[in-house]
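Residue numbers (my numbering), protein chains in the order written: chain E, 22 to 367; chain C, 22 to 367.
Below is one structure; the comments refer to it alone.
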C-alpha cells in the first residue's frame, strides 16, 4: 500500500479531461458538427428544445470511449465512429432528461435541467424523442448490428434505473443489489460505447471482447466515483446539485460503507434520512465520512474495478487503442484523488 | 346527404371488432404468443411490470393494420408481419404508459394505468424500456429498414405529443394546429403500420404508398373519433376515463366546433375550464354538444378523411388487402355512429 495524492502521480498521468481529449479533438469537433446537424432532424416545433438538450456542454465521456476504443492513429476521423458516438451520447442525454425529472434536479451542467426549463411533462416526451432519434441514427448504419446493440443497451439502462427507483428509501439494499443496478444503469452504455468503437474500427473479435470488459469495469468504477462525488465533490466544478442521493433515498456504496462504520447509535439518523424522514445536512455527512475514512473503502472498490478493466486489455497491449484506454483509467484515478485529497490508495 | 344510423348500415358492414378481427385471429394469436415471449426478454427484476403493460387486453388496432395491409389470404401467417405488429404495438403501449403519466389518468382499458400501479417515476422508465425493446425487435429484421421507419415514426409521435403538451390550455390553438398534432401523434403510427404490412408482404411500391396514405387518413379520422368519444362515449365500453380533454386543457375538434356554435355569452365558461379555471361537468358539456348538433360537424371531418383514405386505395382495388382495409374504414364508421346515434351522415 503506498500513499499517493494527485501531486505524486507519475508525470505521464493526465491531469484533466482537456489533456486526454486533446488527441481526440478532431473527432470531438466532428461530433459537435454532427450533433448540431441533428437538431435540424427534429420537427420544427421542437428544434429549440432538442438544441437545448444536445448542446455541447457535457463531458462526452461515452463518445470518448467510442473514439478511443476505435483509435487508429492521429488525424484519422472515421464517419462511422462519429455517428456511433452521436448515438451513445444522444441515448445518454435522453436518460439524463428523464433522470432529472425523477430526481427533481434543478441544475445540470451549471444550467437548468430540461424538466425545469420545459416542465416535467414535456421533458418526458423530449427524452422519448431523443431516444427515438438516437435509434434512428443507429439505423443508418448498413447493418442492424448498431441498432441491436444500442436498443438492447438502452433497455438495460432503463431497467437499472427502474430497479434503482423501486428500491429508493429501501435501507435493506445490499451491495450486490447496488452493483447490479450500476452495472445496468451506467456500465452498460460504457461497455456498448467501447464495443462500438472497437468493432466499427475493424479490430479483431478478441479485442472487441476486451474493450467490452474494459468498458464495463470502467463504467462501474465511474459510477462509484460519481456516487462518492455526490458527498465529497465540489458543486461548482461538478456542475450539479450535490447531496441528492441521501436526500432522495438512494443508498449508494459510500453510504453503505458509512452505515457499516458508524457507531450503532449514530446510524438511525442516516437511516431515517434515507427513509425520507428528517433530512441531514450534506456538510455534516461529508465531514463524518472524512473522519471515518469512508473514502478509502470506496476508493478500494473503484481500484478493484480498474484492475479488472486493465487486466482485460493486457493480452492486447500492442494495439493502438490500449495505451490510450489506460490513460482514461488514470484520468478517472486522478478525478477520484481530486475529491479525496490525501486518502491512501490501495 | 342521407340519414343513416347503425341499424341502417349495409348488411355487409362489420358491426364490431370481433367480426373484422375474426379473419386475422390466427395472426392475433401468433402476436399474443410473441408478446408473451417478449416478457422474458426483459431483465428478471422488471418482467412483472413489462407483463402488466404487454397484456393482451388492448384493441390492437395497429397490429390489425399491419396484418390487413399485408393480407395475402386466409391461413397465411407471416413471421415478419407478426414481428412488425409486435414492434408497433409495443411502441404504442410505451406511448400510452407515458401519456397516462401526463394525463394523470387512473384507468385505461378498465384497469389501473402503469403510472397508478407502479408510480409515475417507474412508469417513465418502464415506457423507456418498452420503447427500447420495440426497437430491439425492429433490429432483428435482416435490414435496417424497419428500424429506420419505426424510430422515425416514434420520434414524430413524441413530437406531436410535445406540441400537444405545450399547447395545453392554449385557447388560441387553430384547427390547422390540431390537425398537425394528430397527424404526428396518431396518424404517423397508423401510417407506419400500413407501410410495414404492405412492404413486408412484398406488395409493389405503388400499393405501399397507397397503404401509407390510407393509414394516415384513417389515423386522423380515428383520432377525431376518439376525441369525440371523450365527450359522447360510454365509459364502460370505451374503458377509459372520459371528459379528460376539457379538464386537462386539450382543445380538440369537437370543442373547437362547440366554441364556434355556442352563443357568445356561453363561450366564456368553456374557455375558462380549458384555461384551468372552474371545471365543467362532462354531462352538461355532452348535452350541449348534442343540442347544438356538434357531432354532425365532427363526423363530416371524419368522413372527409375516410374519403381520402378510400381514394388512396382506388387504383389498387384488385389487391387482396384492399377490400379488407375498406372494411376497417366501415368499422370506424360504425363506431362513430354508435356514439352519435341518429346523427345524419354526410
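Cβ atoms here follow ideal geometry from the backbone N, Cα and C, with glycine treated the same way.
- Beta-bridge annotation (DSSP): residue 132 of chain C is paired with C:129.
- Rounded to whole angstroms, the separation of the alpha carbons of residue 112 of chain C and residue 49 of chain C is 17 Å.
- Taking all protein chains in view, the Cβ of residue 296 of chain E is surrounded by fewer than 16 other Cβ atoms within 10 Å, so the residue is classified as exposed.
- Here residue 114 of chain C has 74, 75, 79 and 151 as same chain residues with Cβ atoms under 8 Å from its own Cβ, once five neighbours each way along the sequence are excluded.
- One Cα belongs to residue 71 of chain E, the other to residue 99 of chain C, and the distance between them is close to 38 Å.
- Residues of the stretch 160-178 of chain C with a C-beta less than 9 Å from any C-beta of chain E: 160, 161, 162, 163, 164, 165, 166, 167, 168, 169, 170, 171, 172, 173, 174, 175, 176, 177 and 178, listed in chain order.
- Within the same chain, and ignoring the five residues on either side of residue 123 of chain C in sequence, the residues whose Cβ sits closer than 7 Å to its Cβ are 186.
- Per DSSP, residue 157 of chain C is one residue of the alpha helix (DSSP H) stretching across 141-159.
- Exclusion of the five residues before and after residue 205 of chain C leaves 177, 180 and 181 as the residues of its chain whose Cβ lies within less than 6 Å of its Cβ.
- Beyond the five residues adjoining it in sequence on each side, residue 202 of chain C comes within less than 6 Å, by CB distance, of 181, 184 and 185 in the same chain, given in chain order.
- Annotated three-state conformation of residue 97 of chain E is coil, per DSSP.
- Here residue 132 of chain E has no same chain residue with a Cβ atom under 6 Å from its own Cβ, once five neighbours each way along the sequence are excluded.
- Taking the beta carbon of residue 157 of chain E as reference, the chain C residues within 7 Å of it are 169, 172, 173 and 176, listed in sequence order.
- Secondary structure of residue 361 of chain E (DSSP, three-state): coil.
- Taking a C-beta cut-off of 7 Å against chain E, the contacting residues of the stretch 115-126 of chain C are 119, 122 and 123, listed in chain order.
- E:160 is the residue among E:232, E:139, E:160 and E:302 whose C-alpha sits nearest the C-alpha of residue 101 of chain E.
- For the 8 Å CB-CB criterion, residue 253 of chain E and residue 307 of chain E form a contact.
- Neighbours of residue 153 of chain E in chain C, taken as residues at a C-beta separation under 7 Å, are given in chain order as 172, 175, 176 and 179.
- The continuous alpha helix (DSSP H) containing residue 237 of chain C extends over residues 226-253.
- For residue 67 of chain E and residue 216 of chain C, the gap between their C-alpha atoms comes out near 26 Å.
- In this structure, the alpha-carbon of residue 269 of chain E lies about 11 Å from that of residue 263 of chain E.
- Chain-order list of chain E residues neighbouring residue 265 of chain C: empty, with the shortest C-beta distance near 14 Å, by a criterion of under 9 Å.
- Here DSSP, grouped into helix, strand and coil, assigns residue 304 of chain C to helix.
- Excluding its 5 nearest sequence neighbours in each direction, residue 212 of chain C has C-beta neighbours in its own chain below 7 Å: 233, 236, 237 and 240, listed in chain order.
- In this structure, E:107 is the residue among E:107, E:351, E:87 and E:96 with its C-alpha nearest to the C-alpha of residue 60 of chain E.
- Listed along the chain, the chain C residues whose CB falls inside 7 Å of the CB of residue 186 of chain E are 142, 143 and 146.
- The beta-carbon of residue 67 of chain E is placed less than 8 Å from the nearest beta-carbon of chain C.
- Annotation: residue 255 of chain C has no Cβ neighbours in chain E at a cutoff of 7 Å; minimum Cβ distance is about 28 Å.
- Leaving aside the five residues that flank residue 350 of chain C on each side, the residues in its chain whose CB is nearer than 7 Å to its CB run, in chain order, 239, 327, 330 and 331.
- Sorting E:119, E:223 and E:195 by C-alpha distance to the C-alpha of residue 87 of chain E places E:223 at the top.
- Residue-level contact by beta carbon holds for residue 64 of chain C and chain E, with a gap shorter than 8 Å.
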